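Residue numbering for the sequence shown follows the UniProt record's numbering, beginning at 1 and increasing consecutively.
From the three backbone atoms N, C-alpha and C, an ideal C-beta is built for every residue, glycine too.
These figures come from a predicted structure and were not determined experimentally.
Read through the structure below, which is laid out as C-alpha coordinates, and then see the notes.
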Amino acid sequence: MTRVLVVDDEPQILRALRINLSARGYEVTTAVDGASALRAAAERNPEVVVLDLGLPDMDGTEVLAGIRGWSTVPVIVLSARTDSADKVDALDAGADDYVTKPFGMDELLARLRAAVRRGAAATEEDLPVVETASFTVDLAAKKVVRGGAEVHLTPTEWGMLEVLVRHRGKLVGQKALLQEVWGPAYATETHYLRVYLAQLRRKLEPEPARPRHLLTEAGMGYRFQV
(Lines of atoms letter the chains of each structure in order from A and count residues from 1; the text may use other names and numbers.)
(Lines give C-alpha, C1' and ligand atoms only; values in the text may rest on other atoms or scores of the structure.)
Protein backbone atom coordinates (compact mmCIF):
# COMPACT_ATOMS: atom_id res chain seq x y z
CA MET A 1 0.00 0.00 0.00
CA THR A 2 1.22 3.50 -0.88
CA ARG A 3 1.61 5.61 2.27
CA VAL A 4 0.03 9.08 2.02
CA LEU A 5 0.23 11.89 4.56
CA VAL A 6 -2.62 14.41 4.26
CA VAL A 7 -2.17 17.71 6.10
CA ASP A 8 -5.17 20.04 6.36
CA ASP A 9 -7.03 21.80 9.18
CA GLU A 10 -10.44 21.48 7.50
CA PRO A 11 -12.17 18.37 8.92
CA GLN A 12 -14.40 17.86 5.87
CA ILE A 13 -11.43 17.83 3.50
CA LEU A 14 -9.49 15.44 5.70
CA ARG A 15 -12.48 13.12 5.90
CA ALA A 16 -13.15 13.24 2.15
CA LEU A 17 -9.52 12.52 1.29
CA ARG A 18 -9.19 9.76 3.88
CA ILE A 19 -12.31 8.02 2.56
CA ASN A 20 -11.42 8.39 -1.12
CA LEU A 21 -7.77 7.43 -0.74
CA SER A 22 -8.46 4.49 1.57
CA ALA A 23 -11.08 3.19 -0.87
CA ARG A 24 -8.39 3.15 -3.57
CA GLY A 25 -5.92 1.18 -1.49
CA TYR A 26 -3.78 3.97 -0.02
CA GLU A 27 -2.58 3.88 3.59
CA VAL A 28 -3.63 7.31 4.88
CA THR A 29 -2.20 9.31 7.80
CA THR A 30 -3.71 12.72 8.59
CA ALA A 31 -2.47 15.81 10.43
CA VAL A 32 -4.30 19.04 11.29
CA ASP A 33 -1.34 21.35 11.89
CA GLY A 34 2.30 21.82 10.96
CA ALA A 35 3.88 20.37 14.08
CA SER A 36 1.93 17.11 13.90
CA ALA A 37 2.60 16.97 10.14
CA LEU A 38 6.36 17.10 10.67
CA ARG A 39 6.14 14.41 13.37
CA ALA A 40 4.01 12.19 11.14
CA ALA A 41 6.37 12.67 8.20
CA ALA A 42 9.31 11.54 10.32
CA GLU A 43 7.50 8.62 11.96
CA ARG A 44 5.47 7.28 9.03
CA ASN A 45 7.91 7.99 6.17
CA PRO A 46 5.12 8.64 3.62
CA GLU A 47 5.61 8.06 -0.10
CA VAL A 48 3.65 11.20 -0.99
CA VAL A 49 2.39 14.21 1.00
CA VAL A 50 -0.72 16.34 0.37
CA LEU A 51 -0.11 19.64 2.18
CA ASP A 52 -2.39 22.60 2.84
CA LEU A 53 -0.63 25.97 3.07
CA GLY A 54 -3.04 27.61 5.52
CA LEU A 55 -2.33 25.77 8.77
CA PRO A 56 -3.17 27.13 12.25
CA ASP A 57 0.33 26.99 13.76
CA MET A 58 2.64 27.72 10.82
CA ASP A 59 2.57 28.32 7.09
CA GLY A 60 2.60 25.22 4.92
CA THR A 61 5.81 26.40 3.24
CA GLU A 62 7.54 26.06 6.64
CA VAL A 63 6.35 22.46 6.85
CA LEU A 64 7.57 21.92 3.31
CA ALA A 65 10.99 23.35 4.21
CA GLY A 66 11.14 21.06 7.23
CA ILE A 67 10.37 17.99 5.13
CA ARG A 68 12.79 19.02 2.39
CA GLY A 69 15.56 19.22 4.98
CA TRP A 70 15.77 15.44 5.02
CA SER A 71 13.40 13.95 2.44
CA THR A 72 12.73 14.07 -1.31
CA VAL A 73 9.18 12.67 -0.93
CA PRO A 74 6.80 14.16 -3.55
CA VAL A 75 4.67 16.93 -2.03
CA ILE A 76 1.41 18.18 -3.53
CA VAL A 77 0.40 21.57 -2.14
CA LEU A 78 -3.34 22.03 -1.61
CA SER A 79 -4.37 25.65 -1.16
CA ALA A 80 -7.11 28.23 -1.61
CA ARG A 81 -4.42 30.70 -2.75
CA THR A 82 -4.83 31.08 -6.50
CA ASP A 83 -2.26 33.78 -7.27
CA SER A 84 0.48 32.58 -9.60
CA ALA A 85 3.12 34.08 -7.27
CA ASP A 86 1.93 31.76 -4.48
CA LYS A 87 2.25 28.80 -6.83
CA VAL A 88 5.77 29.77 -7.85
CA ASP A 89 6.74 30.31 -4.19
CA ALA A 90 5.48 26.85 -3.27
CA LEU A 91 7.28 25.21 -6.19
CA ASP A 92 10.43 27.16 -5.32
CA ALA A 93 10.18 25.86 -1.75
CA GLY A 94 10.25 22.30 -3.04
CA ALA A 95 6.66 21.36 -3.86
CA ASP A 96 6.14 18.96 -6.76
CA ASP A 97 2.65 20.14 -7.64
CA TYR A 98 0.02 22.74 -6.67
CA VAL A 99 -3.74 22.14 -6.57
CA THR A 100 -6.14 24.98 -5.80
CA LYS A 101 -9.27 24.70 -3.66
CA PRO A 102 -11.99 23.88 -4.41
CA PHE A 103 -10.66 20.91 -6.32
CA GLY A 104 -12.12 17.94 -8.16
CA MET A 105 -11.36 14.63 -6.47
CA ASP A 106 -10.59 12.92 -9.80
CA GLU A 107 -8.02 15.60 -10.70
CA LEU A 108 -6.35 15.39 -7.29
CA LEU A 109 -6.18 11.60 -7.49
CA ALA A 110 -4.63 11.81 -10.97
CA ARG A 111 -2.00 14.26 -9.73
CA LEU A 112 -1.36 12.05 -6.72
CA ARG A 113 -0.76 9.03 -8.96
CA ALA A 114 1.62 11.09 -11.12
CA ALA A 115 3.55 12.24 -8.03
CA VAL A 116 3.88 8.67 -6.78
CA ARG A 117 5.16 7.54 -10.18
CA ARG A 118 7.78 10.31 -10.19
CA GLY A 119 8.92 9.36 -6.73
CA ALA A 120 9.10 5.62 -7.36
CA ALA A 121 12.52 4.07 -7.76
CA ALA A 122 13.21 2.85 -11.27
CA THR A 123 14.98 -0.40 -12.10
CA GLU A 124 16.09 0.36 -15.64
CA GLU A 125 19.31 -1.24 -16.83
CA ASP A 126 21.82 -0.55 -19.60
CA LEU A 127 21.29 3.19 -19.48
CA PRO A 128 24.25 5.43 -20.21
CA VAL A 129 26.36 7.60 -17.98
CA VAL A 130 26.47 11.09 -19.49
CA GLU A 131 29.46 13.25 -18.63
CA THR A 132 29.73 17.00 -19.00
CA ALA A 133 32.59 19.29 -18.07
CA SER A 134 30.70 20.22 -14.90
CA PHE A 135 28.84 17.11 -13.69
CA THR A 136 28.02 13.48 -14.50
CA VAL A 137 24.51 12.04 -14.92
CA ASP A 138 24.06 8.31 -14.29
CA LEU A 139 20.67 7.46 -15.82
CA ALA A 140 20.61 3.88 -14.52
CA ALA A 141 21.47 4.82 -10.93
CA LYS A 142 19.33 7.97 -11.16
CA LYS A 143 21.97 10.21 -9.66
CA VAL A 144 24.12 13.20 -10.48
CA VAL A 145 27.69 13.71 -9.29
CA ARG A 146 29.38 17.10 -9.27
CA GLY A 147 32.85 17.74 -7.90
CA GLY A 148 33.04 14.21 -6.56
CA ALA A 149 29.85 14.51 -4.49
CA GLU A 150 26.32 13.36 -5.27
CA VAL A 151 23.89 16.22 -5.90
CA HIS A 152 20.64 16.08 -3.95
CA LEU A 153 17.73 16.27 -6.46
CA THR A 154 14.02 15.95 -5.77
CA PRO A 155 12.06 13.41 -7.87
CA THR A 156 10.64 16.21 -10.02
CA GLU A 157 14.04 17.83 -10.56
CA TRP A 158 15.41 14.44 -11.57
CA GLY A 159 12.45 13.79 -13.88
CA MET A 160 13.03 17.02 -15.76
CA LEU A 161 16.78 16.50 -16.01
CA GLU A 162 16.34 12.90 -17.14
CA VAL A 163 14.08 13.86 -20.04
CA LEU A 164 16.51 16.54 -21.21
CA VAL A 165 19.53 14.23 -20.89
CA ARG A 166 17.80 11.43 -22.80
CA HIS A 167 17.24 13.90 -25.64
CA ARG A 168 20.65 15.55 -25.28
CA GLY A 169 21.53 17.94 -28.05
CA LYS A 170 17.89 18.11 -29.17
CA LEU A 171 15.23 20.72 -28.51
CA VAL A 172 12.51 19.48 -26.13
CA GLY A 173 9.37 21.59 -26.49
CA GLN A 174 7.69 23.11 -23.45
CA LYS A 175 4.47 21.15 -23.90
CA ALA A 176 6.30 17.87 -24.50
CA LEU A 177 8.47 18.36 -21.41
CA LEU A 178 5.48 19.20 -19.20
CA GLN A 179 3.54 16.17 -20.42
CA GLU A 180 6.53 13.86 -20.03
CA VAL A 181 7.36 14.91 -16.46
CA TRP A 182 4.00 15.97 -15.00
CA GLY A 183 1.38 14.45 -17.34
CA PRO A 184 -1.15 15.55 -19.99
CA ALA A 185 -3.09 17.80 -17.60
CA TYR A 186 -0.07 20.10 -17.21
CA ALA A 187 0.47 21.15 -20.83
CA THR A 188 0.00 24.87 -20.09
CA GLU A 189 1.79 25.09 -16.70
CA THR A 190 4.91 26.70 -18.17
CA HIS A 191 5.87 28.36 -14.85
CA TYR A 192 6.69 24.87 -13.54
CA LEU A 193 9.45 24.65 -16.15
CA ARG A 194 10.95 28.02 -15.28
CA VAL A 195 11.04 27.22 -11.58
CA TYR A 196 12.54 23.76 -11.88
CA LEU A 197 15.06 24.68 -14.55
CA ALA A 198 16.27 27.53 -12.32
CA GLN A 199 16.65 25.06 -9.45
CA LEU A 200 18.61 22.62 -11.61
CA ARG A 201 20.88 25.39 -12.83
CA ARG A 202 21.62 26.49 -9.27
CA LYS A 203 22.57 22.94 -8.35
CA LEU A 204 24.47 21.93 -11.51
CA GLU A 205 25.74 24.87 -13.53
CA PRO A 206 29.07 26.51 -12.59
CA GLU A 207 27.48 29.86 -13.47
CA PRO A 208 23.68 29.54 -13.21
CA ALA A 209 23.13 32.94 -14.84
CA ARG A 210 25.23 31.83 -17.83
CA PRO A 211 24.25 28.17 -18.30
CA ARG A 212 26.41 25.88 -20.44
CA HIS A 213 24.38 22.68 -20.23
CA LEU A 214 20.73 23.49 -19.42
CA LEU A 215 19.78 25.87 -22.19
CA THR A 216 16.57 27.79 -22.88
CA GLU A 217 15.31 28.21 -26.43
CA ALA A 218 13.10 31.28 -25.98
CA GLY A 219 9.43 30.58 -26.63
CA MET A 220 10.10 27.02 -27.75
CA GLY A 221 11.62 24.79 -25.09
CA TYR A 222 14.86 23.54 -23.58
CA ARG A 223 18.00 21.73 -24.63
CA PHE A 224 20.63 19.74 -22.74
CA GLN A 225 24.12 20.31 -24.07
CA VAL A 226 27.05 18.16 -22.96
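Check	Outcome
Terminal residues of the continuous alpha helix (DSSP H) containing L108?	105-119
Hey, how far is the Cα of V129 from the Cα of L171?	20 Å
By the three-class DSSP mapping on this structure, what secondary structure does Y196 have?	helix
Do the segment 95-109 and the segment 201-212 make contact, defined as three or more Cβ pairs closer than 8 Å?	no
Between the Cα of L109 and those of R18, R210, S36, A209, spot the shortest distance and give me the residue it belongs to.	R18
Starting from S71, follow the beta strand (DSSP E) in both directions and report where the run begins and ends.	First-last for S71: undefined, no H or E at that position.
Identify, in the order they occur along the chain, each residue of the same chain with its Cβ nearer than 8 Å to the Cβ of residue 227, setting aside the five sequence neighbours on each side.	Lying outside 1 to 226, the shown extent of the chain, residue 227 is not represented and no answer is given.
Using the DSSP secondary-structure output, state which residues sit across from R3 in a beta bridge.	E27
Should T188 be labelled buried (16 or more other beta-carbon atoms within 10 Å of its own) or exposed?	exposed
Name the residue from Q179, E43, D57, R201 whose alpha carbon lies nearest to the alpha carbon of D92.	R201
For L64, list the residues DSSP reports as bridge partners.	Looking at the DSSP assignment, L64 forms no beta bridge with any residue, so it has no partner.
Counting only runs that start and end within the UniProt DNA-binding region "OmpR/PhoB-type" (127-226), where is the beta strand (DSSP E) found for 3 or more residues in a row?	129-131, 136-138, 143-146, 171-173, 214-217, 221-224
Measure the Cβ-Cβ separation of V50 and V6 and say whether it is below 9 Å.	yes
Among the residues of its own chain, which have a CB less than 6 Å from the CB of A80, if the five just before and after it don't count?	K101
Please confirm whether Q179 and L193 have their CB atoms less than 9 Å apart.	no
Within 10 Å of its beta-carbon, does D106 have 16 or more other beta-carbons around it, so buried, or fewer, so exposed?	exposed
Classify L53 as helix, strand or coil using the three-state DSSP reduction.	coil
Tell me whether D59 sits in a helix, a strand or coil according to DSSP, three-state version.	strand
Could you pull out every residue in the same chain whose Cβ sits closer than 7 Å to the Cβ of V73, ignoring the five residues on either side in sequence?	P46, E47, V48, V49, I67, G119
Which partner residues does R13 have in the DSSP bridge list?	Sequence inspection shows Ile at residue 13; the Arg mentioned does not correspond to that position. None, per the DSSP bridge assignment.
Identify which residue in A37, V75, M1 has its Cα closest to the Cα of M58.	A37
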